[in-house]
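As you go down the protein sequences, you meet chains G and U in turn. Residue numbers are given in this note's numbering: position 76 of the first sequence equals residue 76, and the series is strictly consecutive. Residue numbers are given in this note's numbering: position 110 of the second sequence equals residue 110, and the series is strictly consecutive. Every residue gets a Cβ at the ideal spot worked out from N, C-alpha and C, and that includes glycine.
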Amino acid sequence: MKMAIAKQEVRALSGDEAVAYAVKQSDVDVVAAYPITPQTIIVERFSEYVHNGEVDTEFICVESEHSALTACLAASATGVRTFTASGSAGLALMHEILYVTSGCRAPVVMAIVNRALSAPINIHCDHADSMVERDAGWIQIYVENSQETYDSVIQAFRIAEDPDILLPTMVMLDAFVISHTLESVKVLPDDIVRKFVGTRQIPLVKNHEGKLVPFKLDPENPVTMGPLDLYDYYFEHKRQQEDAMQRASQKIKQIHDEYGEITGRRYGNGLINPYRLEDAEIAAICLGSTAGTAKTVVDQLRAKGVKAGLLRLRAYRPFPAQDVTKVLENVKAIAVMDRSHSFGAYGGPVFHEVRHTLYDAATHPQIVNYVYGLGGRDMPQTLIHEIYKELQKILETKRVKKPVRFIGVRE
Amino acid sequence: MTEAFTSRKYLRDMSLPFCVGCGCVTVINHFLRAVHELGHKDLSKFVFCSGIGCAGWIPSPYFKADSIHTPHGRSIPVATGVKLLRSDLNVVVFGGDGDIAGIGMGHLVHAARRNLDITVVMVNNMIYGMTGGQVAPTTPIGTKTTTTPYGSFEQPLDVTRLVVAAGASFVARWTTAHGEQLKESLKKAVATKGFAFVEAVSPCPTAFGRRAGFKDVAETFRWYRDNSVPLEETEKMTVEELTSKIAVGEYVDRKIPTFTETIFKTIREAKKSEKTN
Ligand SMILES: Cc1ncc(C[n+]2csc(CCOP(=O)(O)OP(=O)(O)O)c2C)c(N)n1
Ligand code: SF4
């Protein structure tokens, strides 16, 4: 049965405001956060909601990001809904607790405004901060604009808290380009969001005495979380996290679909967002806001008869390997765009993942890597055209001259 | 005759980044005057460490000197490393109250406990200035900030008293309205052997003053003057009377073994006993 699309109101919201608005509607119990440019507006807007009495959230202005995530982890362990936001140095400072959160299977939701890491100090966008955390056991979703930011934060609560998943989830939005840019954002009525996110369902687990109890800290049914776990069971617990990640792929799609039924908005299948790929011979792959510019370039090329397409990865963890392979099945030359670099590695992290995924592809596409936009360096259409021009050359010569390249940088 | 003071002599030829009326500029002037009066013709005997925040920009990159700009809250551990390697130099940290007493609080207490021979100048504007005015651990109760739009409700921290309790050699607190005293304390702090801490209560018209209800910096200065109480007088005051007052003065100036003295002595003795073994 098809559901009717809900009536939505258009609001002028920046990416940061879209996050705060989504959190406001998602019935969150505890928010703990520390300010960092360009995430600060999320915290400021949300504190207004708290102090205006528009939400029932307990909001704690903690003394560091380390404390912010720790407070959220602990609150989440009691079975409630929690949220925090950070980026750059703040996310780096959370590193230790990121692993504790995923290991405790605490479904904290966090918005990350992607910002370069020090040194030197830079407040602008690149993906270094969240890329280094890709192994921390968090679901990672990269968005393209403010609308998708709003939609994804709401979906994130459902994904993270699903009793089959129980994995913390971060939603990444690009510094300034999304976080500070005012857009028309369609928002759902409060009651529809509340219904969509629902109340957190707590699965049952066996306690130390072998009794089935809700998986939360509760003096009525005490359990111990995060204790010593050596070579006897640690490995199994890590394996369970991986299994949950694998299950999450399907769940992200399903929740994205369910949400799409209500809003009429979809971002590909929720994991990947292809653009004009159906008959494409050449394609670029990217994350985040760059996709907006790249789509314009694809349209321009298409108008000239070039069979160009674009693939935006929305989910980065779990990595949608099967979907990527399938959607690129007929593409012959691919440019992977990385907005961060793994120093000393053979290319950037997205390149590693994509090239490795396509190793077994029957068509053996040619793949080139472009590291771009570090520290907020602009990625204009002209540079994206250069990338597609190179792809056309690769298509002709069937050869990648230099697989790892840097673009838009003084050499 | 000594050369006339000009702060330009110690500053790179760059324009400073601070807002009009920012107390950081006043702190720069008093610090450089203190340096001048101590007889330093340049800053070659100094290393400056700072974290992130407006006050962190005081030395970096504006002072004509070696300076390291480090992550938010981490200037004191960096200063520890610098001092242990170059104990001949004056290692000075500049930072905001958020940087030094919020996110970096643990380091402050431990450096004071060790009596590490560095100088820490904490510019206390009672707010997170650089990020646009969020509540800080030093924000007075009832202050409107961007994260407490109807007034902050947490007990602020008296950082100066905490550093005294932790064991520092020299501790003083003034406001930027106490120019001469601030400069004299900065002189003593730099000359101190051991951990020296100076809190400079300082206006931030942009992120604090506006929301806290101060018309301009002049009004903030008047507020500082009217609400500052000399330390000696605070003994007779009740806790209630002291709330929302700024107790100014030199809190301690004591000779106690410093970290570098003890650590180098321990190393010397260990080496000696190795030889005799
Ligand atoms: C780990 C980390 N968290 C947060 C920030 C963002 N940030 C930059 S400056 C600052 C606080 C500034 O306040 P304060 O230290 O009091 O200095 P002021 O700007 O008021 O002089 C914050 C939170 C950061 N740079 N690094
Ligand atoms: S925001 Fe405040 S502390 Fe920062 S430069 Fe402006 S006045 Fe100074």
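Hey, would you say residue i sits closer than 7 Å to residue j, going by beta carbons?
| i | j | result |
| --- | --- | --- |
| V324 of chain G | N369 of chain G | no |
| T176 of chain U | G23 of chain U | yes |
| A18 of chain G | T169 of chain G | no |
| N90 of chain U | S202 of chain U | no |
| V193 of chain G | V171 of chain G | no |
| H30 of chain U | P77 of chain U | no |
| V159 of chain U | T148 of chain U | no |
| G21 of chain U | G53 of chain U | no |
| Y267 of chain G | R314 of chain G | yes |
| E161 of chain G | P227 of chain G | no |
| G51 of chain U | D117 of chain U | no |
| A77 of chain G | V30 of chain G | no |
| A191 of chain U | V109 of chain U | no |
| C104 of chain G | M245 of chain G | no |
| A156 of chain G | V109 of chain G | yes |
| I285 of chain G | V177 of chain G | no |
| F197 of chain U | V171 of chain U | yes |
| D16 of chain G | G373 of chain G | no |
| A85 of chain G | A111 of chain G | yes |
| V93 of chain U | V120 of chain U | yes |
| A68 of chain G | A32 of chain G | yes |
| L395 of chain G | E242 of chain G | no |
| E199 of chain U | M130 of chain U | no |
| R12 of chain U | K64 of chain U | yes |
| S100 of chain U | I58 of chain U | It is Ile, not Ser, that sits at residue 100 of chain U in the sequence shown. The answer is no: Cβ separation not under 7 Å. |
| P380 of chain G | K332 of chain G | no |
| G142 of chain U | G133 of chain U | no |
| K188 of chain U | R33 of chain U | no |
| N115 of chain U | T258 of chain U | yes |
| H180 of chain G | S14 of chain G | yes |
| H69 of chain U | I103 of chain U | no |
| Y359 of chain G | A308 of chain G | no |
| L391 of chain G | A335 of chain G | yes |
| V327 of chain G | L277 of chain G | yes |
| P163 of chain G | S249 of chain G | no |
| P156 of chain U | T138 of chain U | yes |
| S87 of chain U | C49 of chain U | no |
| R128 of chain U | P38 of chain G | A small correction: the amino acid at residue 128 of chain U is Tyr; Arg does not occupy that position in the sequence shown. Not closer than 7 Å, so no. |
| K216 of chain G | I159 of chain G | no |
Of all residues in the structure, which have a C-beta closer than 6 Å to any heavy atom of ligand 2, taken in chain order? U:F18, U:C19, U:C22, U:C24, U:C54, U:N125, U:G129, U:M130, U:C204, U:P205, U:T206 and U:A207
Would you list, in chain order, the members of the segment 121-134 of chain U that have their beta-carbon closer than 8 Å to a beta-carbon of chain G? Y128, M130, T131, G132 and Q134
Does the pairing of the segment 45-62 of chain G with the segment 13-32 of chain G give three or more beta-carbon distances under 8 Å? yes
For the segment 136-149 of chain G against the segment 264-281 of chain G, are there 3 or more C-beta pairs whose distance is under 8 Å? yes
To be precise: take each residue of the segment 61-76 of chain G, compare its Cβ to all Cβ atoms of chain U, and keep it if any distance is under 7 Å. Which residues remain? C61, E63 and S64
Every unbroken beta strand (DSSP E) inside the segment 33-76 of chain G [3 residues or more]: 58-61
Counting pairs of Cβ atoms below 8 Å between the segment 122-137 of chain G and the segment 60-76 of chain G, do you hit three or more? no
Any contact of the segment 180-189 of chain G with the segment 85-95 of chain G, i.e. 3+ C-beta pairs under 8 Å? no
Curious, which full-length alpha helix (DSSP H) runs of at least 4 residues does the segment 223-267 of chain U contain? 231-234 and 239-242
Can you list, in chain order, the residues of the segment 119-132 of chain G whose Cβ is nearer than 9 Å to any Cβ on chain U? A119, P120 and I121
Going residue by residue through the segment 149-233 of chain U, where are the continuous beta strand (DSSP E) segments of at least 3 residues, counting only ones entirely within it? 170-175, 196-201 and 228-230
Inside the segment 296-344 of chain G only - alpha helix (DSSP H) runs reaching at least 4 residues: 321-327
Check whether the segment 285-304 of chain G touches the segment 200-208 of chain G, taking contact to mean three or more Cβ pairs, one atom from each stretch, closer than 8 Å. no
Along the segment 29-58 of chain G, where does the CB come closer than 7 Å to a CB of chain U? Name the residues. P35, I36, T37, T40, V43, E44, S47, E48 and H51
Any C-beta of chain U within less than 9 Å: which residues of the segment 89-109 of chain G qualify? A89, G90, A92 and L93
Relative to chain G, which residues along the segment 192-225 of chain U have a C-beta separation below 8 Å, given in chain order? none
Closer than 8 Å between beta carbons: that is the criterion. Which residues of the segment 101-114 of chain U meet it against chain G? G102, I103 and M105
May I ask you to list, following chain order, the residues of the segment 131-164 of chain U that have a beta carbon less than 8 Å from some beta carbon of chain G? T131, G132, Q134, V135, P137, T146, T147, T148, P149, Y150 and E154
So does the segment 229-242 of chain U actually touch the segment 203-212 of chain U, counting three or more Cβ pairs closer than 8 Å? no
In chain order, what are the residue ranges of uninterrupted beta strand (DSSP E) at least 3 long that sit wholly in the segment 197-275 of chain G? 204-206, 212-214 and 272-275
Which complete beta strand (DSSP E) runs does the segment 346-390 of chain G hold, if anything under 3 residues is left out? 366-372
Let me know the alpha helix (DSSP H) ranges lying completely inside the segment 70-116 of chain U, each 4 residues or longer, listed in chain order. 75-85 and 105-114
Residue ranges of each alpha helix (DSSP H) run of no fewer than 4 residues wholly in the segment 143-198 of chain G, ordered along the chain? 146-161 and 190-197
Against chain G, which members of the segment 71-102 of chain U pass a CB distance test of less than 8 Å? P71, H72, G73 and G102
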